[in-house]
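**Student:** In terms of the numbering used here, the sequence shown opens at residue 146 and continues consecutively.
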Amino acid sequence: MVGGRCVATGCLVAAVLLVTSSVMAQTRCSVCGGSHASAEKALPYLSGHVDARIHADDIHDAPEEGNEIEWAKAHMHVDLGLYLTEWFRIDGSLKFEEMHDHGGHDHGGGGHHEYEGVDRFFEDHLAMIEELRATFSGDRWELFAGKFTPLTGLNMHHFPGFYGYEVPEEYSLLDRVGVGGAYEVETESLGTFHIELSTFMADTTFLNEGVGEDRPVPHSDNHGGLANTGDLSSFALALEAFGWYANVGDTFHELSGIVSYAHQAQGDGVDEDEHADEDRASVGLLYVGTLSEDLSVRMVAETLSANSFGGMESHDTVFCTFGAGVYWKGWELGGTYTDIEGDEEEDGHHAQASVGYTFDSGFGVHVGIRDAESEGERRQSHGLMLSYHASF
146 MVGGRCVATG CLVAAVLLVT SSVMAQTRCS VCGGSHASAE KALPYLSGHV
196 DARIHADDIH DAPEEGNEIE WAKAHMHVDL GLYLTEWFRI DGSLKFEEMH
246 DHGGHDHGGG GHHEYEGVDR FFEDHLAMIE ELRATFSGDR WELFAGKFTP
296 LTGLNMHHFP GFYGYEVPEE YSLLDRVGVG GAYEVETESL GTFHIELSTF
346 MADTTFLNEG VGEDRPVPHS DNHGGLANTG DLSSFALALE AFGWYANVGD
396 TFHELSGIVS YAHQAQGDGV DEDEHADEDR ASVGLLYVGT LSEDLSVRMV
446 AETLSANSFG GMESHDTVFC TFGAGVYWKG WELGGTYTDI EGDEEEDGHH
496 AQASVGYTFD SGFGVHVGIR DAESEGERRQ SHGLMLSYHA SF
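(1) Measure the C-alpha to C-alpha separation of phenylalanine 266 and arginine 234 and round it to an integer number of angstroms.
(2) Please determine if the stretch 396-407 and the stretch 432-442 are in contact, where contact requires at least 3 C-beta pairs separated by less than 8 angstroms.
(3) Compute the Euclidean distance between the alpha carbons of aspartate 269 and tyrosine 390, then round it to the nearest angstrom.
(4) Going straight from the alpha carbon of alanine 426 to that of glycine 521, what length do you get?
(5) Name the DSSP beta bridge partners of alanine 546, please?
(6) Can you check DSSP and say which residues form a bridge with tyrosine 316?
(7) What did DSSP end up calling leucine 531 once you bin it into helix, strand or coil?
(8) Buried or exposed: which applies to proline 208, given that a residue is buried once 16 or more other Cβ atoms fall within 10 Å of its Cβ?
(9) Is glutamate 275 helix, strand or coil when you go by DSSP?
(10) Taking the C-alpha atoms as reference points, what is the distance between alanine 383 and valine 471?
(11) Under the DSSP definition of a beta bridge, which residues are partnered with methionine 221?
(12) Quick one: what's got a C-beta closer than 7 angstroms to glutamate 331's C-beta in the same chain, skipping five residues either side?
(13) Is any heavy atom in the ligand MG found nearer than 8 angstroms to the beta carbon of aspartate 264?
(14) Excluding five sequence neighbours on each side, which residues of the same chain lie with their C-beta closer than 6 angstroms to the C-beta of phenylalanine 289?
(15) Let me know if tyrosine 310 comes out buried or exposed under the rule of 16 or more other beta-carbons within 10 Å of its beta-carbon.
(16) Beta-carbon within less than 6 angstroms of serine 532's beta-carbon, same chain only, minus the 5 sequence neighbours each way: which residues are those?
(17) Given this structure, state the Cα-to-Cα distance separating glycine 372 from glycine 291, to the nearest angstrom.
(18) At which residue ranges does the stretch 320-404 contain complete beta strand (DSSP E) runs of 3 or more residues, listed in the order of the chain?
(19) In its own chain, which residues sit with a C-beta less than 6 angstroms from the C-beta of histidine 302, not counting the 5 before and 5 after it?
(20) Alpha carbon to alpha carbon, how far is alanine 187 from alanine 410? Give it in angstroms, no decimals.
(21) Roughly how many angstroms separate the alpha carbons of glycine 493 and aspartate 461, rounded to a whole number?
(22) From this set, Tyr228, Val195, Asp236, Thr230, which residue's C-alpha is nearest methionine 221's C-alpha?
(23) With a CB to CB cut of under 6 angstroms and the five nearest residues on each side skipped, what residues in its chain are close to serine 499?
(24) Where does the unbroken beta strand (DSSP E) through valine 415 begin, and where does it stop?
(25) Compute the Euclidean distance between the alpha carbons of glycine 456 and aspartate 413, then round it to the nearest angstrom.
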């Protein structure tokens, strides 16, 4: 059973967030369950979104008894947009979470660790700048430069279940610095198409430092690692399609999708016999059905195929994720299943499901289960999540 300290601390943090929310004029968001400021804004203005989650888990089944622990951690981010003119803005994203690797061999979600029977109580957390970029935009186009996450798949927070974001986050291209552009085309019968191209390298600047803990990231372009080349030799190309609507009786149905391709060059300072460039392609679909004023459903499917995943020679990996969620009057029931195929020892899966309730204030309480297998080791857990979402 999850320890009392974890639950008590989580409740305290959530209570502070709930009090903070009372100062804002809000309306309910049908997508995130949060709230949005209703007043119109005049330039210049600042807008933002807060997503805060406190997880308290009990790992009750693991290959070794020492890994059956109680584990409390935070996952929070604040997205900000400073709109200075009609055509220029500065976007930023701040994150606070437990330190762990992204984009490598960890497919079990949340990091693979050996803790020798020691419970984890908000250990090794750090704050970091996840994105900071300048964007010039027109009616249908935009150009941007800075630190960003290249568009290569569905939004990780569209995956149902309170741990639905974990696997997509693990294979996201985080901490990249570069330039990019996007163009949008609207059609009368085929919806809207958004094409985005970016070229980038790994961030080795001060923006990649963490506050609270030292991040295990490269600090120069001779430390190896994907895209850690010191030049813009890596790139990502994505095509999004949305605005596919259909009314069936009194119900409303929407479908959107994305296809993408990305190439990441391997950095210097590594063994060329064991490391290689990574090439990846992905396809994702998102369906949202509004069945009544209070009832909606969401289904997602995404496949990622990567050659030399994580920059490891001949380490080809395929992720196939399916998920579904039902939302009714603040109640949420959903989950995902990810099948992971690679080398025999790398095959695995990640399954999770949860049920919870989100209040009009943006505060939510959820309980769920998770079953993850990675590198031949399987872990099962159940837990509690306290959440808060708000926009301004």
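From the three backbone atoms N, C-alpha and C, an ideal C-beta is built for every residue, glycine too.
**Tutor:** For this structure:
(1) 38 angstroms
(2) yes
(3) 45 angstroms
(4) 26 angstroms
(5) Residue 546 falls outside the range modelled here, since the chain spans only 146 to 537, and no answer is possible.
(6) Tyrosine 316 is not bridged to any residue.
(7) strand
(8) exposed
(9) strand
(10) 29 angstroms
(11) Ala197, Phe241
(12) Thr337
(13) As far as ligands go, the structure on display features none, and thus does not contain the ligand MG.
(14) Arg278, Thr280, Gly325
(15) buried
(16) Arg198, Gly509
(17) Note on residue identity: the sequence assigns alanine, not glycine, to residue 372. Approximately 15 angstroms, taken between the alpha carbons.
(18) 321-331, 337-347, 379-393
(19) Tyr310
(20) 43 angstroms
(21) 14 angstroms
(22) Val195
(23) Gly306, Phe307, His511, Gly513
(24) That residue, valine 415, is in no beta strand (DSSP E); it is neither H nor E in DSSP.
(25) 12 angstroms
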